[in-house]
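**Q** First to last, the sequence lines map onto chains X and C. Going by our numbering, the letters in the first sequence line up with residues 28 to 415, in that order. Going by our numbering, the letters in the second sequence line up with residues 79 to 338, in that order. Ideal placement from N, C-alpha and C gives every residue a C-beta, glycine not left out. Structure below; questions to follow.
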Amino acid sequence: MKALIVMYKEIVDNLRDRQTFFYALLFGPVLLPLIIGGSLVASFKQFAIDFDEVTELAIVNETAAPNLVAFLYSNNVDVITAPDEVEAAVRAGDIMIALEIPDEFGEQLRKANPAPLTLYVNDADKDSTRAARKISALVSGYKNTINSLRMQHRGIDPQVFNSIELTEFDVSEDGSSGQLLASILPFLFIMSMIMGGFYLAIDTTAGERERMSLEPLLALPLDRADVVYGKFGATLCFVLMSSCLTVLSIYALFQFFPTELISGGLRFDGSTLVKAFLLVSPLTVFLSAALITVSAYTRSTKEAQTYLGLMMIVPMAPFFLLQFFSLGASTWSMALPMLSQYQLLEKVVLQDDINQWHALLSVGGTLLAGLLLLRLATKLYRRDRILM
Amino acid sequence: MIKAEHLEKAFTKPGGGLFKREQVKAVQDVSFSAADGSVTGLLGPNGAGKSTTLRMLATLIHPDGGSATIDGLDINTDVLKVRQQLGFMPHNAGIYPRLSARENISYYARLCGLDKAKAQSRVNELADQLEMTEFIERRAMGFSQGQRTKVALARALVHQPQTIMLDEPTNGLDVMATRGLRTIIRELADQGHCIVFSSHIMQEVAALCDRVAIIAHGTIAIEDDLDGIRKRTGHDDLEDAFVQAIGAAPVGTSAAGVSQ
Chain X
28 MKALIVMYKE
38 IVDNLRDRQT
48 FFYALLFGPV
58 LLPLIIGGSL
68 VASFKQFAID
78 FDEVTELAIV
88 NETAAPNLVA
98 FLYSNNVDVI
108 TAPDEVEAAV
118 RAGDIMIALE
128 IPDEFGEQLR
138 KANPAPLTLY
148 VNDADKDSTR
158 AARKISALVS
168 GYKNTINSLR
178 MQHRGIDPQV
188 FNSIELTEFD
198 VSEDGSSGQL
208 LASILPFLFI
218 MSMIMGGFYL
228 AIDTTAGERE
238 RMSLEPLLAL
248 PLDRADVVYG
258 KFGATLCFVL
268 MSSCLTVLSI
278 YALFQFFPTE
288 LISGGLRFDG
298 STLVKAFLLV
308 SPLTVFLSAA
318 LITVSAYTRS
328 TKEAQTYLGL
338 MMIVPMAPFF
348 LLQFFSLGAS
358 TWSMALPMLS
368 QYQLLEKVVL
378 QDDINQWHAL
388 LSVGGTLLAG
398 LLLLRLATKL
408 YRRDRILM
Chain C
79 MIKAEHLEKA
89 FTKPGGGLFK
99 REQVKAVQDV
109 SFSAADGSVT
119 GLLGPNGAGK
129 STTLRMLATL
139 IHPDGGSATI
149 DGLDINTDVL
159 KVRQQLGFMP
169 HNAGIYPRLS
179 ARENISYYAR
189 LCGLDKAKAQ
199 SRVNELADQL
209 EMTEFIERRA
219 MGFSQGQRTK
229 VALARALVHQ
239 PQTIMLDEPT
249 NGLDVMATRG
259 LRTIIRELAD
269 QGHCIVFSSH
279 IMQEVAALCD
289 RVAIIAHGTI
299 AIEDDLDGIR
309 KRTGHDDLED
319 AFVQAIGAAP
329 VGTSAAGVSQ
């Protein structure tokens with residue numbers, strides 16, 4: 028009961044604090060997904076070639092290869108007349124790319140010699156590179172057609188030159204190409220949870236010590252455990268609020284995601300996000316307890332900010348670990364807070380089946396670790412040193 | 079009613095490293111008593127052990143040795159009961175700047191077990207008693223030191239404790255505010271409360287206290303009423319008496335004779 032009074036006071040107090048409010052309700056749940064997810068969406072869009080999209084191509088001497096130009100035109104390439112200084116124009120970004128057709132192009136083709144073509148591209152410009160990749164792919168297709176025709180003309184089956192056909196067969200369940208994207212989700216959740224409770228945890232523990240309001244509070248007729256539980260409860264509320272908002276903003280963000288560009292059955296729809304949120308929710312308890320414990324250990328808000336700033340690296344650890352090492356989901360990894368959520372959420376996003384025991388182990392292990400941390404925080408509060 | 083007997087407390091010196099842990103004895107042997115209906119001054123220079131003594135009595139830290147009772151309740155065993163009897167205002171007690179004076183006080187009232195209605199009426203009572211009606215609804219950010227002290231004092235009094243301990247409450251207060259506070263403390267004593275008031279300023283203690291315990295180097299050097307202190311130190315001037323008392327403490331000459 029007394030813990031509830033402490034919790035209510037801390038919530039009201041911190042809702043009046045702009046810094047806490049900003050980090051809990053804006054930075055973590057809205058700005059962070061926007062910055063990370065937004066740049067990811069942008070880079071995927073940039074990386075992917077859309078053959079339905081119309082690309083403008085400047086061609087020097089287009090009359091020398093009317094068939095090639097017609098082929099390109101039929102593949103959504105709009106031909107524009109090239110300026111005089113082609114190289115400079117591409118470098119300056121006036122035109123994205125340019126194709127130069129030499130006068131002898133037609134003659135070389137007729138003689139069955141390699142016919143030269145020059146593609147001007149600005150590698151420093153992502154749009155130019157992307158357009159060049161599209162044109163190369165188209166020209167390569169055109170080349171294959173001519174090759175086949177030449178061989179058939181000489182009575183050779185084009186298959187003769189196709190001595191080996193290598194087929195790559197991806198046996199991994201998740202098709203690891205989507206792994207990076209799938210691990211963004213737990214990363215965003217965990218970061219927004221930490222941001223949500225960050226300032227409140229500091230303000231209610233280290234801040235209270237620094238303001239010298241902890242001593243009169245602890246002199247009241249209440250158990251110190253109630254004080255810790257109250258502060259934990261308030262932090263948990265903010266962390267929960269922050270993570271709920273994150274679900275909404277991730278849902279909104281991934282409406283813009285070109286999912287058809289990613290191999291594997293990657294999905295970010297409503298039910299996926301709800302499932303992901305349920306699996307990640309035990310972390311709210313664990314992270315709130317961790318925030319409270321770390322800041323209870325520190326003497327000032329500045330010290331707490333330093334320690335908790337370092338703690339921010341912890342959620343990134345599984346993210347990088349899973350990028351560099353292929354860690355399979357095992358029983359032991361499922362008992363670990365954060366690592367297990369990364370692995371489970373990846374499966375959720377990739378629409379893989381989730382082992383029930385793995386899910387239970389993850390929830391149990393995370394909650395247990397949270398409770399142990401809470402016990403530690405209570406112990407820290409019972410020491411004389413908390414008032415020194 | 080407070081009775082402290084041979085209280086002891088040592089701290090580890092900060093910055094000693096892992097293997098060189100030096101202990102500092104903040105309180106070596108403190109015995110004194112404070113009666114109901116009177117103001118007892120705990121007087122001593124900075125670092126004498128006043129705050130540590132009061133913190134032990136307020137059950138905030140555990141004594142290494144010795145014992146004490148508040149209204150007959152042991153500070154080591156009846157922790158929550160002692161706190162219910164005790165109103166403690168620590169040195170430079172902070173209040174919550176984003177809460178109003180009323181919210182600051184009623185938060186403590188609720189934590190002491192008062193329901194919402196009772197907490198509000200108690201806040202109104204205290205606002206009248208301590209003359210806070212003018213700023214009771216204002217948020218504490220930007221309060222003057224005097225206003226902050228009043229809020230902190232109201233918090234300490236909110237559960238109507240029998241025993242009240244104030245650790246250097248006049249610190250940072252101007253003359254008028256100090257006088258106001260003195261009047262309030264006197265009134266509380268006249269109502270029958272036991273009041274312990276710590277300070278390092280002799281004149282302040284002289285103006286207010288019925289009895290004085292002078293503490294130096296972690297031990298009580300002398301404990302008596304003002305006249306008694308004058309007589310036993312042989313100084314008519316209280317400041318001279320204070321200087322002699324704290325100077326004599328480590329040698330132990332007068333301490334042996336005056337401790338009860």
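1) Using the beta-carbon of each residue, which ones in chain C are nearer than 9 Å to K258(X)?
2) By alpha-carbon positions, which one of L275(X), E131(X), S240(X) ends up nearest to Y186(C)?
3) Let me see if you follow: with CB-CB separation under 7 Å, is K36(X) close to chain C or not?
4) What does L249(X) reach in chain C if we use C-beta pairs closer than 7 Å?
5) Determine which residues share a DSSP beta bridge with I242(C) and list them.
6) Let me make sure I understand the geometry here. Which of L85(C), D314(C), S184(C) has the alpha-carbon closest to that of D152(C)?
7) Quick one: Cα of I300(C) to Cα of S145(C), how far?
8) From the DSSP output, in three-state form, read off Q378(X) for me.
9) Going by DSSP, name the residue or residues bridged to Q101(C).
10) What residue from Y256(X), L349(X), N382(X), F351(X) has the CA that sits closest to L401(X)'s CA?
11) For K29(X), count neighbouring C-beta atoms within 10 Å of its own C-beta (all shown protein chains included) and say buried if the count is 16 or more, exposed if not.
12) Along chain X, which residues have their Cβ under 8 Å away from the Cβ of Q198(C)?
13) Would you list, in chain order, the members of the stretch 205 to 221 of chain C that have their beta-carbon closer than 7 Å to a beta-carbon of chain X?
14) Taking C-beta pairs closer than 7 Å, name the residues in chain X that L138(C) reaches, listed in chain order.
15) Would you list the residues sitting across from L121(C) in a DSSP beta bridge?
16) Any beta carbon from chain C within less than 7 Å of R43(X)'s own beta carbon?
17) If the cut is a Cβ gap below 9 Å, which residues of chain C does K29(X) touch?
18) C271(X) to S219(X), Cα distance in whole Å?
19) According to the neighbour-count rule (16 or more other Cβ atoms, all chains shown, within 10 Å of its Cβ), is T331(C) buried or exposed?
20) State yes or no: is the beta carbon of R238(X) nearer than 7 Å to at least one beta carbon in chain C?
21) Verify the CB distance criterion: does D40(X) have a CB-CB separation below 7 Å to chain C?
22) Consider the Cβ of F275(C): report whether some Cβ of chain X lies at a distance smaller than 7 Å.
23) Find out if the Cβ-Cβ distance for the pair L278(C), N124(C) is shorter than 7 Å.
24) Is it buried or exposed for G312(C), if we count other Cβ within 10 angstroms and need 16 for buried?
25) I want to see whether chain C comes within less than 7 Å of I229(X), judged by CB atoms only; does it?
26) Can you list, in chain order, the residues of its chain with a C-beta nearer than 8 Å to that of V87(X)? Leave out the 5 residues immediately preceding and following it.
27) Hey, is P141(C)'s beta-carbon within less than 7 Å of any beta-carbon in chain X?
**A** This is what the structure gives:
1) Per Cβ cutoff of 9 Å: no residues; K258(X) is ~13 Å from chain C at best.
2) S240(X)
3) yes
4) L189
5) G165(C), I273(C)
6) Checking every option, the nearest Cα to that of D152(C) belongs to L85(C).
7) When rounded, the distance between both Cα atoms is 19 Å.
8) coil
9) T90(C)
10) Y256(X)
11) buried
12) Within 8 Å Cβ-Cβ: nothing; Q198(C) doesn't reach chain X, min ~14 Å.
13) none
14) E242, L245, A246, L414
15) S277(C), I292(C)
16) Among the residues facing chain C, R43(X) is included, as its CB has a counterpart in that chain under 7 Å away.
17) R188, L189, G191
18) 10 Å
19) Here T331(C) scores only 39 on pLDDT, less than 50, and its place in the model should not be relied on; the value that follows carries that caveat. Answer is exposed; the Cβ neighbour count stays below 16.
20) yes
21) Yes, contact with chain C.
22) Not one beta carbon of chain X lies nearer than 7 Å to the beta carbon of F275(C).
23) Here the sequence assigns His to residue 278(C), which means Leu is not the residue at that position. Yes, the Cβ-Cβ distance between H278(C) and N124(C) is below 7 Å.
24) exposed
25) no
26) Taking V87(X) as the centre and dropping the five residues before and after it, the same chain places the C-beta of A109, V113, A125, L126, E127, I128 closer than 8 Å to its C-beta, in chain order.
27) no
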